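**Q** Questions regarding the structure given below will be posed in turn.
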Amino acid sequence: MTETFKCSECDRSYPIDPTRWQCDCGSPLDLEFSPKFPIQTILKRKPDLWRYREAIPIKKDKSIVSLGEGFTPLEEMDLGGHSVWMKIDYLLPTGSYKDRGATVLISKARELGVRKVVEDSSGNAGAAIAAYCARAGIGCDIYVPEVTSSGKLVQIQTYRANLRKIEGSREKTAHVTMEAAKKAFYASHCWNPFFLHGTKTFAFEIWEQMEWKPPDTLILPVGHGTLLLGAYIGFREMKEAGRVKKIPKLVGIQSAACAPLFLGFVRGLYEPQSIRKSETLAEGIAIAEPVRGKQILKAIRETGGEILTVTEKEIGPALREMGRRGYFIEPTSAATIAGLMKYLKGKKGKEVIVSSLTGTGLKAVEKAQIPI
Ligand SMILES: *Cc1c(COP(=O)(O)O)cnc(C)c1O
Ligand SMILES: [Zn+2]
4 MTETFKCSEC DRSYPIDPTR WQCDCGSPLD LEFSPKFPIQ TILKRKPDLW RYREAIPIKK
64 DKSIVSLGEG FTPLEEMDLG GHSVWMKIDY LLPTGSYKDR GATVLISKAR ELGVRKVVED
124 SSGNAGAAIA AYCARAGIGC DIYVPEVTSS GKLVQIQTYR ANLRKIEGSR EKTAHVTMEA
184 AKKAFYASHC WNPFFLHGTK TFAFEIWEQM EWKPPDTLIL PVGHGTLLLG AYIGFREMKE
244 AGRVKKIPKL VGIQSAACAP LFLGFVRGLY EPQSIRKSET LAEGIAIAEP VRGKQILKAI
304 RETGGEILTV TEKEIGPALR EMGRRGYFIE PTSAATIAGL MKYLKGKKGK EVIVSSLTGT
364 GLKAVEKAQI PI
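Sequence positions in the sequence shown follow the working numbering and run 4 to 375.
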């Protein structure tokens, strides 16, 4: 099985090469890869995400860099009279779902003989990449906007990564990192498709936990869309392999303070719109220029989904609503729950809905202290 990079926009393909992170046309790359889903073998393995080994594009087992991640609980709860299923992904080793992508991407980096990586992040992706690099003994520079929650900064430093705080916007941080990526492997959660081939395990786990059936609807946060696109790829691969009949409807949640995809969606366009972003508690989805914006809009439309926005004052109550149930999540995750509650309003019937608690509240305590 040889996998290749394939452009998401033009017809070009490239061999997998550690220095390549975008197409010559400037677009992000996808991965051509044929996964397999041997259920009897999967069932014999331990409960982590590597149980879907034949569907993860890493050649040799000895390349795998793991912290025991995956197979997080899928819990049923009642929200406003509706039953929904919640994937508790903040229980992953670094406290967010980003570990799904990081374990696969850094395993690939090890397989390619990479010695040093750079990554930019609003916090959680940086923490995840830093942790897996620590585990692999790979050098790591993480670029973050200066305003990132201090818990995430301390976490990144504890993993011994070089932390580079960049003044200005999240977009400025991305541009500085792209310069640095000319000299090191760009372990980018938004550009590098190996990250999405890790986040797609979210779909595989739900499929197994729901007795090998897909839910009707997934309600997920969207900034760069690494969870939403991962879920889409995962279900699409299972559909192509004849394992599921349909891809769930994808509903993306954005912060009203930064909603380039929502704007593209409501205008009936296939591209994110340029926006002026304002302050938001949902730092993890405050992405003004989503790298895979066109792919996100296409996936949402193809599955008959939609995009909803939530305002700042809806985030606090959602955070507390989860707190009352024993879940302490970060404001970015609370924005998703606020969107989920909006989606459920006025809905009747037996739609099977899955959402996710994407990040722990423990590393964003200063932002979690929102007035009620
Ligand atoms: C990264 C992140 C998101 C959003 O992910 P995108 O890839 O930007 O769509 C949501 N919640 C948490 C906790 C995150 O860390
Ligand atoms: Zn191209």
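Quick reminder that beta carbons are idealized off the backbone N, C-alpha and C, glycines included. What you are looking at is a predicted structure, and each value in this text was computed from that prediction instead of being measured.
Across which residues does DSSP place I310 in a beta bridge pair?
**A** For the purposes of this step, residue 310 is taken as the residue at position 307 of the sequence shown. Per DSSP, G255.
**Q** When DSSP builds the beta bridges, which residues end up paired with G362?
**A** Numbered from its first residue, the sequence shown carries residue 362 at position 359. Answer is S99.
**Q** With a threshold of 7 Å, establish whether the CB of S16 neighbours any heavy atom of ligand 2.
**A** Residue 16 sits at position 13 when you count from the first residue of the sequence shown. Checking every heavy atom of ligand 2 against the Cβ of S16, none is found closer than 7 Å.
**Q** Have a look at K350, K316, P275 and L231 and flag the residue whose alpha-carbon is nearest the alpha-carbon of Y100.
**A** Position 97 of the sequence shown holds residue 100. Ranking K350, K316, P275 and L231 by Cα distance to Y100 puts L231 first.
**Q** Have a look at G73 and N195 and give me their C-alpha separation to the nearest angstrom.
**A** Position 70 of the sequence shown holds residue 73. Position 192 of the sequence shown holds residue 195. Cα-Cα distance, rounded: 20 Å.
**Q** Is S99 near ligand 3, going by C-beta to nearest heavy atom under 7 Å?
**A** In the structure on display, ligand 3 does not appear, and the ligands it does have are ligand 1 and ligand 2.
**Q** Measuring straight from C-alpha to C-alpha, what distance separates W53 and L264?
**A** Counting from 1 along the sequence shown, the entry for residue 53 is found at position 50. Counting from 1 along the sequence shown, the entry for residue 264 is found at position 261. Cα to Cα, the separation comes out at about 32 Å.
**Q** Could you pull the start and end residues of the beta strand (DSSP E) that E6 belongs to?
**A** Along the sequence shown, one-based indexing puts residue 6 at 3. Note, E6: premise wrong, no beta strand (DSSP E); not H, not E.
**Q** Can you tell me whether DSSP reads V121 as helix, strand or coil?
**A** Reading the sequence shown from its first residue, position 118 is the one you call residue 121. Strand at V121.
**Q** Under a Cβ-count criterion, where at least 16 other Cβ atoms within 10 Å of its own Cβ denotes burial, should D219 be classed as buried or exposed?
**A** The count along the sequence shown starts at 1 and reaches residue 219 at position 216. When all chains shown are included, D219 counts as exposed.
**Q** Kindly identify the DSSP beta-bridge partner or partners of S16.
**A** Counted from its first residue, the sequence shown places residue 16 at position 13. DSSP output for S16 lists K9 as bridge partner(s).
**Q** Since A259 contacts T312 with CB under 8 Å, what's their CB separation in whole angstroms?
**A** If you number the sequence shown from 1, residue 259 lands on position 256. If you number the sequence shown from 1, residue 312 lands on position 309. Going by Cβ atoms, the distance from A259 to T312 rounds to 4 Å, so yes, they are a contact pair.
**Q** Spell out the partners DSSP gives H85 in its beta bridges.
**A** In the sequence shown, counting from the first residue as 1, residue 85 sits at position 82. Answer is L82, bridged to H85.
**Q** Does any heavy atom of ligand 2 sit closer than 7 Å to the C-beta of C13?
**A** To locate residue 13, count along the sequence shown from 1; it is residue 10. Result yes, Cβ under 7 Å from ligand 2.
**Q** Would you mind reading off the limits of the alpha helix (DSSP H) that contains T204?
**A** Counting from 1 along the sequence shown, the entry for residue 204 is found at position 201. Unbroken alpha helix (DSSP H) run through T204: T204 to Q212.
**Q** Which residues in the same chain as I290 place their Cβ atom closer than 6 Å to its Cβ, once the five residues preceding and following it in sequence are excluded?
**A** Residue numbering aside, residue 290 sits at position 287 when the sequence shown is read from its first letter. Only G226 and H227 meet the Cβ criterion.
**Q** Cβ of S30 within 7 Å of any heavy atom in ligand 2?
**A** Within the sequence shown, the letter at position 27 stands for residue 30. Yes, since a heavy atom of ligand 2 falls inside the 7 Å radius drawn around the Cβ of S30.
**Q** Near C13, what residues of its chain come up, given a Cβ to Cβ distance below 6 Å and the 5 sequence neighbours on each side ignored?
**A** As a position in the sequence shown, residue 13 is number 10, starting the count at 1. So the list reads C28, once near-sequence residues are dropped.
**Q** Run through DSSP, which three-state label would E35 get?
**A** Numbered from 1 along the sequence shown, position 32 holds the residue referred to as residue 35. If DSSP states are grouped into helix, strand and coil, E35 belongs with the strands.
**Q** When the Cβ atoms of the stretch 263–281 are set against those of the stretch 296–314, are three or more pairs found closer than 8 Å?
**A** At 8 Å Cβ cutoff, the stretches touch.
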